[in-house]
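Just add 7 to the spot in the sequence shown (first one is 1) and you have my numbering.
Backbone N, C-alpha and C define an ideal beta-carbon position, used for all residues, glycine too.
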Amino acid sequence: MPIKISIIIPLYNQHKKLLECLESIKNQNHPLTPFPRNTRDRLLVKEGKECGVEVIVVNDGSTDITSSELDDELLNGPRNGRRPLIGVADRLVRGRVIHQENQGAPSARNRGFKESTGEYVIFCDADVVMREDMLEKMNRVLDENPNASYAYSSFKFGWKKFKLWEFSANRLKQMPYIHTTSLIRREHFPGFDPSLKRLQDWDLWLTMLLNGYEGKWINEILFTVKSGGTISKWLPSFFSGFDAKYKDAVRIIKQKHNL
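This is the structure in structure tokens:
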């Protein structure tokens, strides 16, 4: 089975949150990730021959966990008696880890994309916990809407709900309201701009809009962003008023896209 969905997780010192993120991926009820029915199925998954979803963790120079602790075997199978986080013991999901020196989230995401093979890709930070039907719903939206380049949903940040809106080019030009955790058609993904320090997702959606690509909104809360992560550092300040750094980031992106 070819890879349908590649899940790319940039990781920098979020090891504890990664465990919960991977657990939520493992619990997806997406039809491409059924429980292996027998030993033969498990062997096929281990050999990479029967796998609809792949998880690529890009370790961007983390200092809270060693490379040997965060390796392919930790994702795919037991080593020294450890229980795998995700993989052949539980689901038809292939996992792997890529290690690189610290270059920032945009470069880590681009590296993960380069190494991925899925028809659809989704970028999921380690502080994201998926609802069990998230992949199923996003996959269905893209399958049923060939003109949509990506599927996005509402989400929760801690206890706070962010309901979002239907796709609007005018609204997107005014504010970054679409979350990074969206399912994207591989051939439409332009890459993240590694020169940007903040709001790289807004820049991504604006670049895709310039290329004629639009998104499709799912009016459901399909994931939760846990507090204290890379995204959660800016969410409250964004929706209640920018701090100086993010005002500067908005200025840079608006200047880049002539907004």
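{"Asked": "Cutting at 7 Å between CB atoms, please list the residues of its own chain near L149, excluding the five before and the five after it.", "Found": "Y127, A155, A158, L190 and R192"}
{"Asked": "Can you look up W172 in the DSSP assignment and give me helix, strand or coil?", "Found": "coil"}
{"Asked": "In whole angstroms, what separates the C-alpha of P183 from that of S161?", "Found": "13 Å"}
{"Asked": "Which term fits R138, buried or exposed, when burial requires 16 or more other beta carbons within 10 angstroms of its beta carbon?", "Found": "buried"}
{"Asked": "Within the chosen definition, does the stretch 215-232 reach the stretch 161-174 through at least 3 CB pairs nearer than 8 Å?", "Found": "yes"}
{"Asked": "Would you give the residue range spanned by the beta strand (DSSP E) that S346 belongs to?", "Found": "The first residue shown for the chain is 8 and the last is 266, placing residue 346 beyond what the model contains."}
{"Asked": "Beta carbon of I14, beta carbon of T124: below 9 Å?", "Found": "no"}
{"Asked": "Is Q1 buried or exposed, if buried means 16 or more other CB atoms sit within 10 Å of its CB?", "Found": "The structure shown does not extend to residue 1, since the chain spans only 8 to 266, so no value can be given for it."}
{"Asked": "With which residues is A133 paired in a DSSP beta bridge?", "Found": "Answer is none; A133 lacks a bridge partner."}
{"Asked": "For N109, which residues of its own chain have a beta-carbon under 6 Å away from its beta-carbon, when the five flanking residues on both sides are left out?", "Found": "D67 and G68"}
{"Asked": "Only counting the same chain, and skipping five residues up and downstream in sequence, which positions put a Cβ closer than 6 Å to that of L213?", "Found": "H264"}
{"Asked": "Would you kindly work out how many angstroms separate the C-alpha atoms of P197 and V64, rounded to a whole number?", "Found": "20 Å"}
{"Asked": "Assign A176 to one of two classes, buried (16 or more other C-beta atoms within 10 Å of its C-beta) or exposed (fewer than that).", "Found": "exposed"}
{"Asked": "Contact check, Q21 vs D134 under 8 Å by CB: the rounded distance?", "Found": "6 Å"}
{"Asked": "What number of angstroms, rounded off, separates the C-alpha of L171 from the C-alpha of I260?", "Found": "21 Å"}
{"Asked": "Could you tell me which of N34, E61 and Q35 sits nearest to I16, measuring between CA atoms?", "Found": "E61"}
{"Asked": "So what does G102 bridge to, in DSSP terms?", "Found": "V62"}
{"Asked": "Which term fits G219, buried or exposed, when burial requires 16 or more other beta carbons within 10 angstroms of its beta carbon?", "Found": "exposed"}
{"Asked": "So which of L203, I225, K223 and G222 has the shortest CA-CA distance to D255?", "Found": "L203"}
{"Asked": "For L215 and G119, what's the separation of their Cα atoms in angstroms?", "Found": "Looking at the sequence provided, one finds Met at residue 215 rather than Leu. Those two C-alpha atoms are separated by around 19 Å."}
{"Asked": "Using the rule of at least 16 other Cβ atoms within 10 Å of the residue's Cβ for burial, across every protein chain shown, is D71 buried or exposed?", "Found": "exposed"}
{"Asked": "What's the C-alpha gap between H186 and S75?", "Found": "32 Å"}
{"Asked": "Would you list the one or two residues that DSSP bridges to A158?", "Found": "L190 and K223"}
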